[in-house]
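Peer 1: Those protein sequences? They're chains A and B, same order as listed.
In the numbering used here, each number is its position in the first sequence, counted from 1, plus 33.
In the numbering used here, each number is its position in the second sequence, counted from 1, plus 665.
Have a look at this one.
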Amino acid sequence: MTACLTPARPTLPTDRFWQLDYNKLELPVSLGSSFTLDLPAAAQAQGVIFCGLGEAQRQHPDLLALGLRSSINDDESRFTQLASKDAESGFFCYVPAGVRLAAPLELQIDRAWAGRGVVVLGPDAHAEIIETITAESSETFLCELTEMVLGERAQLRYTSVQTCGPSLRAFFTRRAIVAADAQLHLASAEIGAQSVQSYGDAILRAPGARADISVLAFASQQRYLDLGNDLHHAAPQTTSTTLVKAAAIESGRGRYYGNIRIDAHAHGADATLRDDTLLLSPQAHIDSVPALEIAANDVKAFHGATVGSVDDEQRFYAMSRGLSRAAAERMITLGFFEPVIARFPNEVVREFLRDQLNTRVG
Amino acid sequence: MSDRGLRIQALRSAVAGKEILKGIDLTVEPGRVHALMGPNGSGKSTLAFSLTGHPNYEILGGSATLDGADLLSMPVDQRAKAGLFLSFQYPAAIPGVSVANFLRSAKTAVAPDSMNPTAFRKLVFAKLDVLDMDTAFLGRYLNDGFSGGEKKRLEMLQMAILAPKYAVLDETDSGLDVDALRAVGDSIKAMRAEESGRDTGFLIITHYPRILEHVHADVVHIMMDGRIVTSGGPELAERIEREGYDRLREELVGIAA
Ligand SMILES: Nc1ncnc2c1ncn2[C@@H]1O[C@H](COP(=O)(O)OP(=O)(O)OP(=O)(O)O)[C@@H](O)[C@H]1O
Ligand SMILES: [Mg+2]
């Protein structure tokens with residue numbers, strides 16, 4: 034079971050990239066001071082739970098058990114070990130069967146922490162979660178692993194926007210199990226932090242399950258990005274679309290590891306994965322490592338990757354209309370990101386991303 | 666001011682190490698229309714790109730000034746700010762950047778405090794109307810998936826909005842249907858209208874005399890092999906249409922011999 038759920042991602046020579054002595058890491062701060070959960074009264078009245086992990090363990094152990102360790106074991110990696118170290122550290126969200134939330138649930142993380150997140154949607158439940166991660170602390174790190182479990186026909190939109198300060202190191206693993214005819218949209222923006230590891234995986238476990246994954250990532254200065262998505266089609270008639278747009282300026286570096294896995298019995302699976310990389314300086318570098326593991330033969334699987342720099346003709350065209358070189362490149366770069374920004378489900382978030390990129394590019 | 670005009674003198678330029686322009690002399694006065702014709706590969710686009718500062722085109726000698734200001738020493742964006750506009754033969758597509766966003770950015774760049782957002786909107790809608798373009802264009806990505814004719818109309822829309830002092834139109838009339846051709850003619854006329862106090866000078870690169878039925882050309886120049894070999898009135902364009910370039914070439918060689 035575990036072996037099947039855990040993506041086989043090539044490991045990085047971690048210490049070299051993260052410049053961390055893992056053995057000396059302490060949990061940065063306690064849960065309470067690190068984040069804010071916002072549960073509107075109307076949602077609470079419908080039986081929605083949105084609380085800290087400690088509280089969930091005490092008051093809703095049965096519901097929590099539906100999601101906790103459903104797809105991520107404590108010992109999957111050094112970071113999952115770390116995030117699991119404090120059993121109370123994390124958050125829990127539960128949306129009962131049939132409940133359709135009108136407004137997004139908001140989660141704000143503004144200090145370094147390490148912990149687990151668990152999201153459980155009952156059958157036919159609809160929910161949107163918007164997570165903003167803005168920790169500024171220096172000398173420290175942030176580590177989150179979030180498991181999601183979607184019941185039949187459930188719909189979850191999980192959006193995460195990370196704009197941490199330039200010395201923070203951040204590690205995210207988000208993984209969802211998607212039931213029959215359920216839909217997951219996992220959108221993440223990695224804009225800040227010194228180095229970021231961000232993995233987003235979906236296990237499409239029953240017919241009709243669908244996952245749409247959107248990743249926007251930006252690396253500047255000495256930053257390093259380690260991005261990965263694993264789309265596991267474990268049932269017939271499952272669909273996934275993945276769009277990744279990553280740009281690096283100055284000496285920003287990174288890698289993207291995108292994997293589509295289609296099991297032998299997953300007839301009619303349809304998987305599209307596209308990752309585009311824009312390098313804005315000669316020192317910038319991002320490797321793209323595509324992988325397809327397809328055991329069925331009546332499936333559609335597409336993996337497209339592009340790497341490029343700002344096109345000379347585009348730049349000249351924009352400059353010939355009066356835009357400075359920097360303004361032209363900024364505009365072209367924002368244009369590069371626009372297709373993935375457009376996939377983020379919330380207009381406020383989309384505008385925020387455009388603003389952030391506008392000030393950070395060039 | 667006596668130095669007004671787009672003045673090109675003894676301009677020589679090269680692309681990929683090969684000399685293409687071999688000494689061009691041409692002055693476009695404010696409010697006047699010059700047509701530039703010539704066989705494929707004679708250097709017409711090279712002249713347009715040399716004036717606008719495309720990095721692939723190396724200036725070997727000569728000068729180009731815009732109302733007295735030295736164009737050739739300016740960066741590309743500075744030339745636009747000085748009042749030069751090029752309507753591209755093959756405009757670049759910039760996916761992800763909407764037409765509306767691009768127009769606003771360009772207008773703000775060339776005329777920083779020209780107008781408030783409401784006035785700008787009004788201007789854009791008025792110009793869309795002249796060019797018979799749907800407002801839906803504004804939301805589309807710049808030239809991305811545009812048809813040939815749509816691209817040309819968008820070039821004209823940008824010209825109308827940026828209101829340059831001098832505009833070089835590189836085969837804007839090629840591939841246009843009759844209505845689009847008339848719309849292009851109308852937008853050119855609007856930029857020379859006495860009543861609006863506009864006196865944009867035009868250098869219209871074309872293969873067809875048809876555009877000149879919509880816009881009266883004051884002078885027609887013929888370029889061959891990187892040189893302007895002869896200039897005349899609109900009848901020169903018609904003659905080329907009738908006889909082709911070979912007759913003219915033979916005649917000129919005859920004169921030279
Ligand atoms: N990047 C390049 N590398 C090599 N040669 C080039 C390049 N660009 C232009 N040339 C050459 O320069 C010459 C002039 O080209 P130019 O595009 O100016 O011609 P034109 O008069 O505009 O032709 P047309 O009527 O076909 O548009 C041609 O011989 C062309 O092949
Ligand atoms: Mg040409």
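We put the beta carbon where it would ideally sit given N, CA and C, even for glycine.
Buried or exposed, going by whether 16 or more other CB atoms sit within 10 Å of the CB of A/PRO40?
Peer 2: Classification for A/PRO40: buried.
Peer 1: Residues around ligand 2, please: the ones whose beta-carbon is closer than 7 angstroms to some heavy atom of it, in chain order.
Peer 2: This selection yields B/LYS709, B/SER710, B/GLN754, B/ASP835, B/GLU836 and B/ILE870.
Peer 1: In three-state DSSP terms, what is A/LYS333?
Peer 2: In this structure, A/LYS333 counts as strand in the three-state DSSP scheme.
Peer 1: Which residues does DSSP pair with A/TYR232 in a beta bridge?
Peer 2: In DSSP, A/TYR232 forms a bridge with A/THR206 and A/GLY261.
Peer 1: Taking C-beta to C-beta, are B/GLY872 and B/SER839 nearer than 8 angstroms?
Peer 2: According to the sequence displayed, residue 872 of chain B carries His and not Gly. Their beta carbons are under 8 angstroms apart, which means B/HIS872 touches B/SER839 by this criterion.
Peer 1: If we cut at 8 angstroms on Cβ distances, does A/ILE365 have a partner in chain B?
Peer 2: So, interface residue.
Peer 1: Using CA coordinates, which residue listed in A/ILE365, A/ALA89, A/VAL340 and A/LYS333 is at the minimum distance from A/ARG348?
Peer 2: Checking every option, the nearest Cα to that of A/ARG348 belongs to A/ILE365.
Peer 1: How would you call A/ALA74, buried or exposed, if buried means at least 16 neighbouring beta carbons within 10 angstroms?
Peer 2: Classification for A/ALA74: exposed.
Peer 1: Mind pulling the alpha helix (DSSP H) runs of 4 or more residues that sit fully within the stretch 690-760 of chain B?
Peer 2: 709-717 and 741-747, all fully within the stretch 690-760 of chain B.
Peer 1: From B/PRO899 to B/GLY850, what distance separates their C-alpha atoms?
Peer 2: Roughly 16 angstroms separates the two Cα atoms.
Peer 1: Please state whether DSSP places B/HIS872 in a helix, a strand or coil.
Peer 2: Here B/HIS872 sits in coil by DSSP.
Peer 1: Tell me, please, which residues DSSP counts as bridged to A/ASP245.
Peer 2: In DSSP, A/ASP245 forms a bridge with A/HIS218 and A/THR274.
Peer 1: Taking beta-carbon pairs under 9 angstroms, can you tell me which members of the stretch 738-753 of chain B lie near chain A?
Peer 2: Of all residues in the stretch 738-753 of chain B, PRO740, VAL741, ASP742, GLN743, ARG744, ALA745, LYS746, LEU749, PHE750, LEU751 and PHE753 have a Cβ within less than 9 angstroms of some Cβ in chain A.
Peer 1: Can you pull out the residues from the stretch 331-360 of chain A whose beta carbon lies closer than 8 angstroms to at least one beta carbon of chain B?
Peer 2: Those would be ASP344, ASP345, GLU346, GLN347, PHE349, TYR350, ALA351, MET352, SER353, ARG354, GLY355, LEU356, SER357, ARG358 and ALA360, in chain order.
Peer 1: Have a look at the DSSP bridge pairing and note the partners of A/ASP320.
Peer 2: Bridge partners of A/ASP320: A/ARG288.
Peer 1: How would you label B/GLU820, buried or exposed, when you count the other beta carbons within 10 angstroms and need 16 or more for buried?
Peer 2: When all chains shown are included, B/GLU820 counts as buried.
Peer 1: Looking only at its chain, what residues have a beta carbon closer than 8 angstroms to the beta carbon of B/ALA758, apart from the 5 residues adjacent to it on each side?
Peer 2: Answer for B/ALA758: TYR806, LEU807, ASN808, ASP809, GLY810 and PHE811, listed in chain order.
Peer 1: Does any CB atom of chain A fall closer than 8 angstroms to the CB of B/LEU822?
Peer 2: So, not an interface residue.
Peer 1: Verify whether the separation of the beta carbon atoms of B/THR783 and B/PHE790 is less than 8 angstroms.
Peer 2: Contact: no.
Peer 1: Counting only beta-carbon separations shorter than 8 angstroms, does B/THR837 have a partner in chain A?
Peer 2: Judged by the 8 angstroms Cβ criterion, B/THR837 is not in contact with chain A.
Peer 1: Counting only Cβ pairs nearer than 8 angstroms, list the residues of chain A close to B/ILE759.
Peer 2: What B/ILE759 touches in chain A: GLN347, TYR350, ALA351, MET364, ILE365 and GLY368.
Peer 1: Specify whether the stretch 326-337 of chain A and the stretch 729-749 of chain B touch according to this definition: at least 3 beta carbon pairs, one from each stretch, less than 8 angstroms apart.
Peer 2: The stretch 326-337 of chain A, when compared against the stretch 729-749 of chain B, does not touch it at the 8 angstroms Cβ threshold.
Peer 1: For A/LEU70, which residues in the same chain have their Cβ closer than 7 angstroms to its Cβ, ignoring the five residues on either side in sequence?
Peer 2: Same-chain partners within the cutoff: PHE83, CYS84, PHE124 and LEU140.
Peer 1: If B/SER925 sits next to B/SER678, beta carbons under 8 angstroms apart, how far is it from one beta carbon to the other, in whole angstroms?
Peer 2: Only positions 666 to 922 of chain B appear in the structure, and residue 925 of chain B is not among them; the question remains open.
Peer 1: Buried or exposed for B/MET881, going by 16 or more other Cβ atoms inside 10 Å?
Peer 2: The sequence given here has His at residue 881 of chain B, not Met. Counting Cβ neighbours within 10 Å, B/HIS881 comes out exposed, since fewer than 16 surround it.
Peer 1: At a Cβ cut of 8 angstroms, what residues of the stretch 288-315 of chain A count as close to chain B, listed as they run along the chain?
Peer 2: Cβ contacts with chain B: none found.
Peer 1: Would you be able to state if there are at least three C-beta pairs under 8 angstroms between the stretch 223-239 of chain A and the stretch 115-131 of chain A?
Peer 2: Flag = no, the stretch 115-131 of chain A and the stretch 223-239 of chain A do not touch.
Peer 1: Report yes if the C-beta of B/LYS830 is less than 7 angstroms from at least one heavy atom of ligand 1; otherwise report no.
Peer 2: Checking the Cβ of B/LYS830 against ligand 1 gives no.
Peer 1: What is the rounded straight-line gap between the Cα of A/THR35 and the Cα of B/ARG818?
Peer 2: With a pLDDT of 36 at A/THR35, under the threshold of 50, the modelled position of this residue cannot be trusted; read the value that follows with caution. Roughly 59 angstroms between the two C-alpha positions.
Peer 1: What are the start and end residues of the alpha helix (DSSP H) that includes B/ILE826?
Peer 2: Start and end: 813-827.
Peer 1: In this structure, how does DSSP classify A/GLU223 when only helix, strand and coil are distinguished?
Peer 2: Looking at A/GLU223 - three-state DSSP - the assignment turns out to be strand.
Peer 1: Is the stretch 283-297 of chain A in contact with the stretch 251-266 of chain A, if contact means three or more CB pairs nearer than 8 angstroms?
Peer 2: As far as the Cβ criterion goes, the stretch 283-297 of chain A touches the stretch 251-266 of chain A, which means the pair count is three or higher.
Peer 1: Could you tell me the distance, in whole angstroms, from the CA atom of A/TYR350 to the CA atom of A/ILE162?
Peer 2: Each residue's alpha carbon lies about 40 angstroms from the other.
Peer 1: If B/GLN823 sits next to A/ARG354, beta carbons under 8 angstroms apart, how far is it from one beta carbon to the other, in whole angstroms?
Peer 2: Right, their Cβ atoms sit about 7 angstroms apart.
Peer 1: Would you say the beta carbon of B/SER770 is closer than 7 angstroms to some non-hydrogen atom of ligand 1?
Peer 2: Result no, Cβ not under 7 angstroms from ligand 1.
Peer 1: If you check the beta carbons only, do A/PHE377 and A/LEU390 fall under 8 angstroms apart?
Peer 2: In this structure, A/LEU390 does not lie closer than 8 angstroms to A/PHE377 by Cβ.
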